[in-house]
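Enquirer: Going left to right, the sequence shown walks through residues -23 to -1, 1 to 614 as mature numbering (1 follows the signal peptide of the UniProt record, and there is no 0) numbers them. Here it is, the structure in full.
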Amino acid sequence: MPASSMSPASLLLLFSSLTLVAAAISADEQGGGSCSPRTCGNVTISHPFGFVPEQETDTKCGRLGFEVHCSNNTPYLGYYRRKYRFQVLDIFYGNSSLLVADVHKLDDFRNSSSKGCHVMTANTSSKVGQPFSVSSANLNLIFYNCTAETAAAAVRRDGGLVETKCSGGGTLVRVGGHYSDSGSYEEYSVEGCGATLVPVLGTSSGEANASSYEELISDGFLLTWQPPSGNKSNGRKKTLIVLIPVAVSLLFPCAYVLIWHRKGQILCYLLCNKTRSRNESNIQKLIVSYGSLAPKRYKYSEVAKITSFLSNKLGEGGYGVVFKGKLQDGRLVAVKFLHDSKGNGEEFVNEVMSIGRTSHVNIVSLFGFCLEGSKRALIYDYMPNSSLDNYIYSEKPKETLGWEKLYDIAIGIARGLEYLHHGCNTRIVHFDIKPQNILLDQDFCPKIADFGLAKLCCTKESKLSMTGARGTIGFIAPEVLYRSFGVVSIKSDVYSYGMMLLEMIGGRKNVKSMVQNSSEKYFPDWIYDHFYQGDGLQACEVTSEVEEIAKKMTLIGLWCVQVLPMHRPTITQVLDMFEKALDELDMPPKQSFCESLEHPVHKLNAESTSSATDKAYAVSEILNVEEISLVNSEFLQ
């Protein structure tokens, strides 16, 4: 049918369809573009990996999460600025796998001092996040940290245990079967010893000798990744070449028909819907600009169907209601319907897209979102073990999870924060780190959730400019409430993390039952006093068997809650502290709010000392209150 005989509506529909198809195909071709093959050492880096040269921090090609950093002609997989996770030994593109070595585990043994090397306390698998997983072809190399007496008795009982070369004794190693995602290795446990698991590939025959543990770690282990579902064909590019000229050629007759034949109706329609159409167009362009990495956009009717029409309510907070749901592929999800939606939706989509591009084992996965008028919803991965607060505030929290598991959870949360602060293309400050926002999957792996108060900033900037306070009282950093304590930055999250760490050790609700007039006692001061006075952590029900773990968590927590941001470590330094032995950590100084305000950098110019003291006391009182949500969030409401 010739163009002149087509109705205006048909021409408009055809033109719009062709234009959108062309834009979608173009975005699909550009998203996660291929890199030209590069070489680092003896390893060839090509798609889906992106090559990051020396002194640079990012690459413009390759899939998200597949960055390979080339440092001193050695390839490393990971996002750490001060440390890389794994050295890349080889990449097998044919079966979507790569051979990597956890070189830092090896350094723990090679750099042993006169004190003797210490067994690392974090499993290698805790460093592995999406889009990679540990292959089941690997064997388990299990290290045990025991007392010398316990180790000697264990070796006599079990011939599979081998003593390491660490001085002082007490460190054992064994090979314990093939790796499994379940993380259940009870048959290889040694009573009275802490265990750390390191996957190794072993020999081609699937064997390994525990006494050669350094060589096994150096030879590496296998990671796998999931290739994209289906390959792009050249036919798409040909279609793009054909569709664009056709769409452009139809623009002029379409415009002619619309203007001259139905001018009155079209003008009325455009005037009535101008604002709404412009907003939707801008939103659609924004979504397309993120290419294939953008989370899926759902209609409200689809979201209602996913949640069985809002039939299974999981909970409700200050910013929305959460329902349990199921996607078409059977995956269970949590759907959060947001309250008080404001703005035209562009800021909401921009922030959702930025968070949707995150890919880390300790960040909850965002599957999709809904934006339909004032209706807004977020679709997350469902966590069967609920949130951390259900365990640390229980009657016997350490018996519920165990100190080793709490320790792993603390490290996992720190790794998630390190990724938000340094691993994303856009730096994300969470502003609401607390036990209620730490979700636990089926293996009790922690995942940071609820970005309702988060704020984005440039990766080169760590300081933030913001109006109003945000966070949960009891975990909020002093400088967020009162700027005289310092600038708001990524270290505000470090304070919240430290306060949560102390909660995991003592559980403030448990502590308050032991202390009279507890509202007059700043919680970190109570922990500090008991720790410093030499009575250990008995008041927090810490036994001698797990005292080293609890003391390390306490010291790190007290460093994180230093009143002035300049005295706090970064979250990357926190991870370094977890890697050290307890006797390598210094005791942090005890600070008061009044003394902090008198610091030369933060001393008030226009207020008297008494006024500063009054405000410092007020801030300390506010910081000691629990779970009062602040309003005024502009993000994801």
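From the three backbone atoms N, C-alpha and C, an ideal C-beta is built for every residue, glycine too.
1) Please identify the residue among Y121, N186 and V80 whose C-alpha is closest to the C-alpha of S195.
2) Is the distance from the Cβ of L193 to the Cβ of V177 below 9 Å?
3) Taking C-beta to C-beta, are F198 and A99 nearer than 9 Å?
4) Alpha carbon to alpha carbon, how far is C434 from K290?
5) How long is the line joining the alpha carbons of M481 and I526, rounded to whole angstroms?
6) Relative to the C-alpha of F314, which candidate in D135, L287 and F63 has its C-alpha closest?
7) DSSP puts N122 in a beta bridge; with which residues?
8) Let's see if you can read the secondary structure: which residues bound the beta strand (DSSP E) around Y70?
9) Tell me whether C401 sits in a helix, a strand or coil according to DSSP, three-state version.
10) Output the distance between the C-alpha atoms of I453 and I410, rounded to the nearest integer angstrom.
11) Take the Cβ of N115 as the centre, count every other Cβ of all protein chains shown within 10 Å, and call the residue buried at 16 or more, exposed below.
12) Report yes or no: do the region 167 to 177 and the region 111 to 129 share at least 3 C-beta pairs separated by less than 8 Å?
13) Taking K468 as the reference, give the member of R308, L394, C422 and E279 with the closest Cα.
14) The beta strand (DSSP E) spanning K424 covers which residue range?
15) Using only alpha-carbon positions, find the residue among H544, A131 and S23 that is nearest to Y165.
16) How should F344 be labelled, buried or exposed, when 16 other C-beta atoms within 10 angstroms of its C-beta is the threshold for buried?
17) Pick helix, strand or coil for N339, following the three-state DSSP scheme.
18) Apart from the five residues just before and just after A(-1), which ones in its own chain have a Cβ nearer than 6 Å to its Cβ?
19) Can you tell me the Cβ-Cβ gap for S363 and L417, rounded? I've got them flagged as a contact below 8 Å.
20) Specify, as a first and last residue, the run of the alpha helix (DSSP H) that R392 falls within.
21) Taking just the CA atoms, how far does F26 sit from F346?
22) Based on Cα-Cα distance, which residue from Y162, M330, Q413 and L149 lies nearest to N117?
23) In the structure shown, what three-state DSSP assignment does N117 receive?
24) Would you list the one or two residues that DSSP bridges to E140?
25) Taking the alpha carbon of D67 as the reference point, which residue from K104, S23, V105 and Q32 has its own alpha carbon closest?
26) Using 8 Å as the cut-off, can you tell me whether the region 350 to 362 makes contact with the region 412 to 432, which would need three or more C-beta pairs spanning the two stretches below that distance?
Expert: Looking at the atomic coordinates:
1) V80
2) yes
3) no
4) 34 Å
5) 12 Å
6) Distances from the alpha-carbon of F314 to those of D135, L287 and F63 put L287 closest.
7) When DSSP reads this structure, N122 sits in a beta bridge with T148 and G171.
8) Counting along the chain, Y70 falls outside any beta strand (DSSP E), and DSSP gives it neither H nor E.
9) coil
10) 9 Å
11) buried
12) yes
13) When each option's Cα is compared against that of K468, the closest is L394.
14) P423 to I425
15) Per the C-alpha coordinates, the member of H544, A131 and S23 positioned closest to Y165 is A131.
16) buried
17) coil
18) Its pLDDT being 46, under 50, A(-1) is placed unreliably in this model, and the value from its coordinates should be taken loosely. Answer for A(-1): V265, listed in chain order.
19) 7 Å
20) W380 to E395
21) 28 Å
22) Of the candidates Y162, M330, Q413 and L149, the one whose C-alpha sits nearest the C-alpha of N117 is Y162.
23) strand
24) L149
25) S23
26) yes
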